[in-house]
Each structure stands twice: as structure tokens, then as C-alpha cells.
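Down below is the structure, laid out as C-alpha cells.
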Amino acid sequence: MTVSDTRSDEDLRRWLLDTAEEHGAAVIQIDGTEDAAPFAFTVGTWRRCGVPEAVVIGLPPEVAQAVLNTYVARAGAGERFRPGELYDGFLEGCPVTFERVASQYYPEYFGHAFLVYRTGQFAAVQMVVSAPDGSWPWQEDAPGGFARWQPVLTDSGAPESWTPGVDGP
Numbered sequence: 001m002t003v004s005d006t007r008s009d010e011d012l013r014r015w016l017l018d019t020a021e022e023h024g025a026a027v028i029q030i031d032g033t034e035d036a037a038p039f040a041f042t043v044g045t046w047r048r049c050g051v052p053e054a055v056v057i058g059l060p061p062e063v064a065q066a067v068l069n070t071y072v073a074r075a076g077a078g079e080r081f082r083p084g085e086l087y088d089g090f091l092e093g094c095p096v097t098f099e100r101v102a103s104q105y106y107p108e109y110f111g112h113a114f115l116v117y118r119t120g121q122f123a124a125v126q127m128v129v130s131a132p133d134g135s136w137p138w139q140e141d142a143p144g145g146f147a148r149w150q151p152v153l154t155d156s157g158a159p160e161s162w163t164p165g166v167d168g169p
């Protein structure tokens, strides 16, 4: 679903719950602007599977949908994802890692989730995708604009659950 949907909050809440019940989670797509990258996030994985909701930033909508569907399927099958570890099987040739999302970003990046989690009490992770050359947004040799197009949603704007190059990518 895209953010331009015109449903009432209660209708949207019902759709989120029904979709999560049927598919493990609903995926919400937010269009990008000149100043911000598009992003997509799950609603329902915390409630249904006990795993964090996930957001991915800077991917085309169909790719973001596929990546998040894979996350939901793998999490629903019992796989758990630890921040700072590398995971394959989401995007061919581009590993992903995870980072915990700072609560200050919840309203902006998980806004619709508040229809389901009214108190805002849910866990959330960001799926950080490497560039095709294997670089990460926090690395100096990353492609130009990569860090802007895929910001890391922590208090510092850099990985905080691990140390890059030491116990993470």
C-alpha cells in the first residue's frame, strides 16, 4: 500500500491487522521526494511473530516490497536477525545488515504502525543494504550520496549496536 491511500484511520487499522494476519505483516510504501529517499516498512511482525518491525530506505518500491516480504517470511519461519551480522538472500549480490532504530525516528518512519501499536511500544530495525560494490553508507569510500540516500536511523546516524570493521561490516 502507498501512503496516498484515502482510507479512514479505522479502515486503515483494520486493513493493517487483516493483512498482517493473512501474510505475517503489511508493507507500507512511502514515496521519495527531492530531499528524501523512498522507504518501506512492515506493520505486524512485532505483533504476529515477536520480531521487530523493519524499514528499508532508498530502494525502488518493488524491490523494497520483495526485501520486506523476504524478511517477514524468514522471521515467520523462526529466523532471528542480529544487528551487525551480514545476511544474504534479500538482494542478489548485496548483503544486508540490521541496526536498531532509535525511537525518535518511529513517527517519521513507522507512522502508520501507531494505528496498531497505539502506545508506540514496539521494536524496530533498519535493514541496511550494501552498495553493489560492497560498501556501506558509513564508509568513506561509499558511492557519492549513498549515506544521504540511506541514512542510518540511530541517534548518532552511524551504527551503534556494533563497531564497523571490528564486529560488523
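Per the UniProt record's numbering, the sequence shown starts with residue 1, numbered consecutively.
Just so you know, even glycine gets a beta-carbon here, dropped at the ideal spot from N, CA and C.
If you're wondering where the values come from, they're calculated on a predicted model, not measured in any experiment.
Delimiting residues of the alpha helix (DSSP H) encompassing residue i
i          : result
residue 45 : 45-49
residue 70 : 61-76
residue 95 : From DSSP, residue 95 is part of no alpha helix (DSSP H) but of the beta strand (DSSP E) over 94-100.
Contact under 7 Å by Cβ, residue i with residue j
i           : j           : result
residue 153 : residue 101 : yes
residue 161 : residue 60  : no
residue 94  : residue 135 : no
residue 66  : residue 49  : no
Alpha-carbon spacing of residue i relative to residue j, whole angstroms
i          : j           : result
residue 7  : residue 13  : 9 Å
residue 42 : residue 142 : 27 Å
residue 57 : residue 137 : 11 Å
residue 32 : residue 39  : 7 Å
residue 19 : residue 45  : 11 Å
residue 64 : residue 156 : 25 Å
Status (buried if at least 16 other CB within 10 Å, exposed otherwise) for residue i
i           : result
residue 16  : buried
residue 116 : buried
residue 99  : buried
Presumed contact (8 Å Cβ cut-off) between residue i and residue j, rounded CB distance
i           : j           : result
residue 172 : residue 128 : Lying outside 1 to 169, the shown extent of the chain, residue 172 is not represented and no answer is given.
residue 169 : residue 91  : At roughly 14 Å, the Cβ-Cβ gap does not stay under 8 Å, so residue 169 and residue 91 are not in contact.
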